[in-house]
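Undergrad:
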Amino acid sequence: MAPPRKNALPKELPEGFILSDTEKKNWRLGRKIGEGGFGLIYLASQDVDRRVAEDADFVIKLEYQENGPLFSELKFYQRAAKPENRQKWLTRKKLDFLGIPTYWGSGLAECNGLSYRFMVMDRLGSDLQKVWKKGHPKKTTVLQLGQELVDVLEYIHENEYVHADIKAANLMQGHRDPKKVYLVDYGLSYRYCPDGVHKEYKENPKKGHNGTIEYTSLDAHKGLNPSRRSDLQILGFCLLHWLCRSLPWDGVLRNPAQVEEAKTRLMENLPDSVQQLSVSTASTDEVAAFLLYVKTLGYQEKPDYKHLKKLLACGGRGGLDLSAPQGSAAESSTKAADLHTREKKAGRARGAPKAKPTATVMDEEVQEGAKSKPVPTQYIRAPPLTKPQAQKEKAFPAPRRSQRPRPDPVQTYQDDSEDDSEDEDEDKTRPRPIPECYLRGPPIAPRTQSKQKTKSKQTFRKRDDLTVTSARQERGTRLQRRKHAVPGCDSQNHDDERLIHNHRAGYSHQQWWDRNLCHEHRDSSGDWDNSVLKGPGQEAGPTQRTGLLHWLVFAGVFLSLGACVLGFLEFDKVHLNPFNLEN
Ligand SMILES: Nc1ncnc2c1ncn2[C@@H]1O[C@H](COP(=O)(O)OP(=O)(O)OP(=O)(O)O)[C@@H](O)[C@H]1O
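Counting along the sequence shown from 1, when you hit position 392 you're at 392 in the UniProt record's numbering, and nothing is skipped either side.
1. In terms of residues, what are the limits of the alpha helix (DSSP H) holding Asp304?
2. Threshold first: 4 residues or longer. Then list the alpha helix (DSSP H) segments lying entirely within the region 232-268, N to C.
3. Please classify Gly567: is it buried, with 16 or more other beta-carbons within 10 angstroms of its beta-carbon, or exposed?
4. With Tyr42 and Ile60 assumed to form a contact (beta carbons below 8 Å), what rounded beta-carbon distance in angstroms separates them?
5. Are the region 123-131 and the region 69-83 touching, with three or more C-beta to C-beta distances below 8 Å?
6. Tyr192 and Asn159: beta carbons closer than 8 Å?
7. Taking 7 Å as the cut-off, is the C-beta of Glu35 nearer than that to any heavy atom in ligand 1?
8. Is it the case that the Cβ atoms of His175 and Leu124 are separated by a distance below 8 Å?
9. Cβ-heavy atom distance between Lys61 and ligand 1 below 7 Å?
10. Taking DSSP as the reference, what is the three-state secondary structure of Asn26?
11. Apart from the five residues on each side of it in sequence, which residues of its chain come closer than 6 Å, Cβ to Cβ, to Asp363?
12. Excluding the 5 residues preceding and the 5 following Pro256 in the sequence, name in chain order all residues of the same chain whose CB lies nearer than 8 Å to its CB.
13. For Tyr182, which of helix, strand or coil comes out of DSSP?
14. Under a three-way DSSP split, which group does Gln65 fall into?
15. To the nearest angstrom, how far is it from the Cα of Thr91 to the Cα of Asn85?
16. Considering only the alpha carbon of each residue, which of Val287, Cys111 and Gly298 lies closest to Ser311?
17. In this structure, what does DSSP give as the bridge partners for Gly34?
18. DSSP has Glu158 in a bridge; who is on the other side?
19. With H, G and I counted as helix, E and B as strand and the rest as coil, what does DSSP make of Ser72?
20. Mind checking His307: buried by the 16 CB within 10 Å criterion, or exposed?
21. Please work out which residues of its chain come closer than 7 Å, Cβ to Cβ, to Cys238, disregarding the five sequence neighbours upstream and downstream, and give them in chain order.
22. With distances taken from CA atoms, which of Pro101, Leu253, Leu153 and Gly196 is nearest Ser230?
23. Tell me which residue opens and which closes the alpha helix (DSSP H) that Glu286 is part of.
24. Suppose contacts are defined by Cβ-Cβ distances below 8 Å. Is Phe58 in contact with Ala44 by that definition?
25. Whose C-alpha, out of Lys32, Glu54, Asn26 and Thr102, is nearest the C-alpha of Val48?
26. Are the beta-carbon atoms of Ser115 and Gln65 separated by less than 8 Å?
27. Start and end of the alpha helix (DSSP H) containing Arg92?
28. Roughly how many angstroms separate the alpha carbons of Val532 and Ser246, rounded to a whole number?
29. Does DSSP put Val120 in a helix, a strand or coil?
30. Given the structure, does Phe118 come close to ligand 1, in the sense that its CB is under 7 Å from one of the ligand's heavy atoms?
31. Strictly by DSSP, which residues pair up with Glu110?
32. Look at Ile100 and Leu232 and say whether their C-beta atoms are less than 8 Å apart.
33. Taking the alpha-carbon positions, what's the Leu108 to Leu13 distance?
34. If we call anything under 8 Å between Cβ atoms a contact, is Glu15 one with Gly30?
35. Going by DSSP, name the residue or residues bridged to Val59.
36. Identify which residue in Leu277, Leu253, Phe38 and Lys263 has its Cα closest to the Cα of Trp242.
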């Protein structure tokens, strides 16, 4: 076997490569369609004699053999998601759909001296994080999805696993049927009850705060191994986020302890704490009831899944309606954010926030008609974004990547080590600090830049380098943030609208910047006006010195003129009126 590599992402295999799985079925590789942190995703087909079609129904996930994540995911599929088990479950539970992708096989392969592991699974469509960037889900969609996810969780829990990282990015639409949604990414799933023996309740501060910080459970914050109630609590936080578009702890995400504190407060003060996040367009009563039930669960207690589904009942039937963008819940997002601000101002150790009367649940039609306000930019977390990504980002902010320990990508995993990875999982990794770049920071501070050259083809990125003072600084900062604006998104801000309008009209950002702001800050030579760009402590630039000189010349001319006029008047008295006669 090839030795572990530092770079966990494997070298690509050529299109048309044939892989043979453990059941001796052959699979042909098609085009690469995705890339994760550790592996590659290819289209695949069982018809090895023909090119893999673009509408192929299978994908192959490929990683180096010694990598951990695919090994763990495979274990989950092999143990818990065998097609025959799923079918039995569907019949027993009288369900017509279970949102777990089908596993079709797996194996090992060699190419150019490198060893690979692969898994064949259903091809899926877009993930919901991407879908919701285009428009927010309706309340009925959120609740219906919640019910379907309760079904999925019940199934995986019954098979001794918890997922522990439920979020929109891990929910994918079906390839053929976009109304079906599947929970994916079992590379981090945890076997909480191996052979029917539940893990002990053991807090471990060293493992605290694992998971995706927005949603991770209070158990995970305390460093407990995840259990069934953790999954359900994560789901509850997700539902709340999807309904309200923000969470009360959005402002403190850089500090996991404060997130934990805010979640604790929310859970302690249920149902009011959640109900008060309701707005007329998106009541959160169902989620409040859901979380209230989760709160009553013991660490090892089996949840009443049927009851949980009832709590999320919303009358929605058939496939999920993920198509229509939904305006609306922005108000509630503001509420959540406001709540956070209020709590911050009032001190952290306070008791329950005062309950407000529960908002009325409005008709779906009314909700549909409701206008969406964009989430204030300060509440949008911003990991480093590529430009197209950034433009979409504003519509539905992306949660950070999971902080849960991943199986060591370069630890060797072997198929025969059946029993196996979970216990060893426990100490595989320590919680990693959240990368700064993924955390919402304080308002963008001015950076010093003494002088900027103007060039006709200056890129828009240059705005990042501007240092603007006082009121203009504020404007500059605002515009800097607007760089992430979504064209096509409603905007109340005039600058935003100009930016968006110009974007639609085909202007580049730089052109817009040149036309609308930059020219105000240039001197006649086209150089940046340092009086505007000057940051604290910076020397006055040449432009400022020139301005002072102008003033001096102007004053000199003015004084000379005055002296001339006075002189003329004196002359007038003496020479034009020599006898000093009165009129
Ligand atoms: N079954 C699938 N069908 C179609 N595309 C998929 C499928 N699974 C994954 N993808 C695509 O491939 C990309 C990489 O997926 P993968 O599961 O390897 O990584 P990831 O979940 O994005 O990251 P991580 O390394 O954290 O697991 C995904 O973002 C998705 O766009």
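C-beta: ideal position from N, C-alpha, C; glycine also.
TA: For this structure:
1. As a first step, residue 304 must be located in the sequence shown, where it is residue number 304. Neither: Asp304 is in no alpha helix (DSSP H) and is coded neither H nor E.
2. 256-268
3. The count along the sequence shown starts at 1 and reaches residue 567 at position 567. By the neighbour-count rule (16 or more Cβ atoms within 10 Å), Gly567 is not buried but exposed.
4. Taking the sequence shown and counting its residues from 1, one reaches residue 42 at position 42. Taking the sequence shown and counting its residues from 1, one reaches residue 60 at position 60. Right, their Cβ atoms sit about 5 Å apart.
5. no
6. Here the question's residue 192 lines up with position 192 in the sequence shown. Here the question's residue 159 lines up with position 159 in the sequence shown. No, the pair does not count as a contact, with Cβ atoms beyond the cut-off.
7. For the purposes of this step, residue 35 is taken as residue 35 along the sequence shown, with counting starting at 1. Correct: Glu35 has its Cβ closer than 7 Å to ligand 1.
8. In the sequence shown, counting from the first residue as 1, residue 175 sits at position 175. In the sequence shown, counting from the first residue as 1, residue 124 sits at position 124. Cβ distance < 8 Å, so His175 and Leu124 count as in contact.
9. Position 61 of the sequence shown, counted from the first residue, corresponds to residue 61. Yes, the Cβ of Lys61 comes within 7 Å of a heavy atom of ligand 1.
10. Residue numbering aside, residue 26 sits at position 26 when the sequence shown is read from its first letter. Reduced to three states, the DSSP call for Asn26 is strand.
11. Position 363 of the sequence shown holds residue 363. For Asp363, the pLDDT reaches just 32, beneath the cut-off of 50, and the residue's location in the model is therefore unreliable, although a value from the coordinates is still provided. Nothing meets the Cβ criterion.
12. Against the sequence shown, residue 256 aligns to sequence position 256. Here the set comprises Gly208, His209, Ile213, His221 and Ile434.
13. Numbered from 1 along the sequence shown, position 182 holds the residue referred to as residue 182. DSSP places Tyr182 in strand when its eight states are reduced to three.
14. As a working note, residue 65 is residue 65 in the sequence shown. It is coil, neither helix nor strand.
15. By one-based count along the sequence shown, residue 91 stands at place 91. By one-based count along the sequence shown, residue 85 stands at place 85. Taking the straight line from one Cα to the other gives about 10 Å.
16. As a first step, residue 311 must be located in the sequence shown, where it is residue number 311. What sits at residue 311 in the sequence shown is Leu, not Ser. Nearest of Val287, Cys111 and Gly298 to Leu311, Cα basis: Val287.
17. As a working mapping, residue 34 is identified with position 34 in the sequence shown. Answer is Ile41, bridged to Gly34.
18. The sequence position of residue 158 within the sequence shown is 158, counting from 1. DSSP, once it has assigned bridges, lists no residue as partnering Glu158.
19. Within the sequence shown, numbered from 1, the residue matching residue 72 stands at position 72. Ser72: helix per DSSP, three-state reduction.
20. The residue given as residue 307 occupies position 307 in the sequence shown. Exposed: under 16 other Cβ atoms inside 10 Å.
21. Translated into positions along the sequence shown, residue 238 becomes position 238. Contacts found: Ile166, Lys167 and Tyr215.
22. Within the sequence shown, the letter at position 230 stands for residue 230. Out of Pro101, Leu253, Leu153 and Gly196, Leu153 has the C-alpha closest to the C-alpha of Ser230.
23. Counted from its first residue, the sequence shown places residue 286 at position 286. Its alpha helix (DSSP H) spans residues Asp285 to Thr296.
24. Along the sequence shown, one-based indexing puts residue 58 at 58. Along the sequence shown, one-based indexing puts residue 44 at 44. Contact flag set, yes.
25. As a first step, residue 48 is located in the sequence shown; it is residue number 48 there, counting from the start. Nearest of Lys32, Glu54, Asn26 and Thr102 to Val48, Cα basis: Asn26.
26. Translated into positions along the sequence shown, residue 115 becomes position 115. Translated into positions along the sequence shown, residue 65 becomes position 65. Contact: yes.
27. Mapped onto the sequence shown, residue 92 falls at position 92. Pro83 to Lys93 is the extent of the alpha helix (DSSP H) around Arg92.
28. Counting from one through the sequence shown, the residue named residue 532 turns up at place 532. Counting from one through the sequence shown, the residue named residue 246 turns up at place 246. Legend: pLDDT at Val532 = 28, less than 50; position of this residue unreliable, no value from coordinates given.
29. To locate residue 120, count along the sequence shown from 1; it is residue 120. Val120: strand per DSSP, three-state reduction.
30. Here residue 118 refers to the residue found at position 118 when the sequence shown is read from its first residue. No, since every heavy atom of ligand 1 falls outside the 7 Å radius drawn around the Cβ of Phe118.
31. For this step, residue 110 is matched to residue 110 along the sequence shown. Answer by DSSP bridge pairing, in chain order: Ser115.
32. Taking the sequence shown and counting its residues from 1, the one referred to as residue 100 is at position 100. Taking the sequence shown and counting its residues from 1, the one referred to as residue 232 is at position 232. For Ile100 and Leu232, no; Cβs fall outside 8 Å.
33. Numbered from 1 along the sequence shown, position 108 holds the residue referred to as residue 108. Numbered from 1 along the sequence shown, position 13 holds the residue referred to as residue 13. About 13 Å.
34. Translated into the one-based positions of the sequence shown, residue 15 becomes position 15. Translated into the one-based positions of the sequence shown, residue 30 becomes position 30. Contact flag set, yes.
35. Within the sequence shown, the letter at position 59 stands for residue 59. Paired residue(s): Leu43 and Met121.
36. The residue given as residue 242 occupies position 242 in the sequence shown. Per the Cα distances, Leu277.
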